[in-house]
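Below is one structure, written out as structure tokens; comments come after it.
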Amino acid sequence: MIPYGRQDISEADIQAVIDVLRSDWITQGPAIERFEESVRSYTGARHAVAVNSATSALHIACLALGLKSGDRLWTSPNTFVASANCALYCGATVDFVDIDPVTYNMSVSELSIKLERAEKEGKLPKIVVPVHFAGQSCDMQAIKGLGDRYGFHIIEDASHAIGGTYEGSPIGGCHYSDITIFSFHPVKIITTGEGGMALTNSAELFGKMQRLRTHGITRDAMQMSREPDGLWYYEQIDLGFNYRITDIQAALGFSQMMRLSEFVSRRTEIADRYNKQLRALPVVTPFQQGTARSAWHLYVILLNQPSRNRKDVFRLLRSKGIGVNVHYFPVHLQPYYRALRFSEGNFPRAEEYYKKAISLPMYPGLTNAEQEFVVSSLAEALQ
Ligand SMILES: *Cc1c(COP(=O)(O)O)cnc(C)c1O
0 MIPYGRQDIS EADIQAVIDV LRSDWITQGP AIERFEESVR SYTGARHAVA
50 VNSATSALHI ACLALGLKSG DRLWTSPNTF VASANCALYC GATVDFVDID
100 PVTYNMSVSE LSIKLERAEK EGKLPKIVVP VHFAGQSCDM QAIKGLGDRY
150 GFHIIEDASH AIGGTYEGSP IGGCHYSDIT IFSFHPVKII TTGEGGMALT
200 NSAELFGKMQ RLRTHGITRD AMQMSREPDG LWYYEQIDLG FNYRITDIQA
250 ALGFSQMMRL SEFVSRRTEI ADRYNKQLRA LPVVTPFQQG TARSAWHLYV
300 ILLNQPSRNR KDVFRLLRSK GIGVNVHYFP VHLQPYYRAL RFSEGNFPRA
350 EEYYKKAISL PMYPGLTNAE QEFVVSSLAE ALQ
């Protein structure tokens, strides 16, 4: 079976994990800060908080920005459910902004129209979560411009996008956002097994997210309500969680960070090969903006044929051991969200996109021969 995505673990990665297992700390030791520092310095952000998943990172990012009951968060319907669920965890409500039919990212013109209407109705969002779909940055400059005008905060969901760039800078530097989050799930660009990180340039948001990661506890005397009783003393000043990552995972993450550029260049090579090899087929290949370089988490094609055929094409590819997938079934059509108030037709472009999309295998270990097999099988399926 050729999967749609998978991790790439080297001997050095394995050794890094073994070294932690033989050391004094297997959690909350020095590997976590080393991993945070590697991502922080790579992205250029001032602060980094490593956690046990991107979902946790989204949750504490929302809390740090003060999202609560009565507030609104807007995101893209073309994403993993976690980008929206984080608002519900905080008691806030979720709404979506339809996608751009060319990039499959949140449409800035749709966002602009929706904001204008929301302002009149007094229903502006507190947070907007642009998702860098497949690893290609959203139009962050334009979204930040709207953020300044309408007063919302921005969390970049860059779960797909570590290693990508926007306007020449690595994604994660938070030049146009309050917080950026990454995922280190095994299908993503680098992995820690499970894991995530939140990056920010704000010392205040950093402090809050660090506390929320660990039960809302502080050991900083400046933040305490009274004089510490002694060196053992700590105070819980927020309601936080246990969202900590382990040193075992962080060591793997640090080792994987050393290989990030190798991963992204191999993914880019695979994308370039697909672009060439698919030229003759009746499919739409991923459009790339001049301002962004994708990290190529996913390679999504759209079938130019009636939607009925997607099921057949998909089945044929799967029967040949090709683990094609679909990203994403629109979040607002998930039963949980339908029950909230959403329905078919709410975000027509995301729905239309979903009917035609197929994710082809994309990961550094995909061989050229395997890729050619994918393309020839697809050609056969489309006949
Ligand atoms: C994978 C993913 C997440 C969640 O990541 P976890 O690390 O699995 O919690 C959130 N948003 C998007 C867009 C993702 O692809």
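According to numbering that gives the first Met the number 0, the sequence shown is numbered sequentially starting from 0. For each residue, glycine too, the CB sits at the ideal point set by N, CA and C.
At a cut-off of 7 Å, would you count residue i as near ligand 1, judging by its Cβ distance to the nearest heavy atom?
i       : result
Ala-49  : no
Ser-52  : yes
Gly-171 : no
Ala-356 : no
Gly-195 : yes
Val-323 : no
Ala-202 : no
Ser-82  : yes
Thr-102 : no
Leu-293 : In the sequence as displayed, the identity of residue 293 is Ser instead of Leu. Incorrect: Ser-293 has no Cβ contact closer than 7 Å to ligand 1.
Asp-99  : no
Thr-78  : yes
Ser-158 : yes
Which stretch, first to last residue, makes up the beta strand (DSSP E) that contains residue i?
i       : result
Ile-126 : 126–128
Ala-197 : 195–199
Ile-300 : 298–302
Val-93  : 92–95
Could you give the residue range of the alpha helix (DSSP H) that holds residue i?
i       : result
Thr-54  : 53–63
Phe-205 : 202–212
Ala-117 : 107–120
Pro-334 : 334–339
Gly-252 : 246–256
Ala-15  : 10–20
Quick check on this structure: which residue in the options has the alpha carbon closest to the alpha carbon of residue i?
i       : options                            : result
Met-257 : Glu-35, Glu-369, Leu-211           : Glu-35
Ser-358 : Leu-302, Lys-319, Lys-143, Leu-251 : Leu-302
Lys-207 : Tyr-362, Leu-66, Ala-368, Pro-363  : Leu-66
Ala-40  : Asp-177, Ile-161, Arg-314, Asp-97  : For the sequence presented, residue 40 should be read as Ser rather than Ala. Among Asp-177, Ile-161, Arg-314, Asp-97, the Cα nearest to that of Ser-40 is on Ile-161.
Asp-97  : Pro-347, Met-221, Thr-190          : Pro-347
Phe-95  : Val-101, Pro-363, Asp-237, Leu-123 : Leu-123
Thr-245 : Phe-286, Ala-30, Thr-284           : Ala-30
Ala-270 : Ser-260, Ser-254, Tyr-298          : Tyr-298
Ala-91  : Asn-200, Leu-62, His-46            : Leu-62
His-174 : Ala-44, Ile-216, Glu-379           : Ala-44
Pro-169 : Ser-260, Val-130, Phe-79           : Ser-260
Gly-4   : Arg-314, Val-186, Cys-89, Val-101  : Val-186
Ser-375 : Pro-285, Leu-316, Ala-86           : Leu-316
Cys-383 : Glu-350, Leu-377, Val-330          : This structure does not reach residue 383, given that the chain is present from 0 up to 382, and the question cannot be answered.
Thr-179 : Thr-190, Val-127, Arg-225, Met-221 : Val-127
Leu-64  : Ser-9, Ser-111, Lys-125, Val-80    : Lys-125
Arg-265 : Arg-116, Ser-254, Asn-367          : Asn-367
Asn-308 : Asn-274, Lys-354, Glu-343, Leu-280 : Lys-354
Going by DSSP in three states, residue i sits in which element: helix, strand or coil?
i       : result
Asp-156 : strand
His-46  : strand
Thr-267 : helix
Phe-181 : strand
Asp-147 : helix
Ile-357 : strand
Gln-235 : strand
Leu-123 : coil
Asn-77  : coil
Pro-363 : coil
Asn-84  : helix
Tyr-41  : helix
Ser-168 : strand
Arg-292 : strand
Arg-33  : helix
Ile-142 : helix
Val-312 : helix
Gly-72  : Here the sequence assigns Leu to residue 72, which means Gly is not the residue at that position. Here Leu-72 sits in strand by DSSP.
Asn-274 : helix
Val-283 : strand
For a quick check, are the C-beta atoms of residue i and residue j less than 8 Å apart?
i       : j       : result
Glu-203 : Asn-51  : no
Tyr-149 : Glu-120 : no
Asp-156 : Leu-57  : yes
Leu-339 : Ala-15  : no
Phe-132 : His-159 : yes
Ser-136 : Ala-11  : no
Gly-146 : Ile-154 : no
Met-196 : Ala-47  : yes
Arg-212 : Gly-171 : no
Val-19  : Ile-13  : no
Gly-167 : Ser-293 : no
Thr-277 : Ile-247 : Rather than Thr, the amino acid found at residue 277 in this sequence is Leu. Contact flag unset, no.
His-326 : Ala-349 : no
Ser-22  : Gly-28  : yes
Tyr-352 : Tyr-165 : no
Pro-129 : Ser-75  : yes
Asp-7   : Pro-360 : no
Val-312 : Leu-381 : yes
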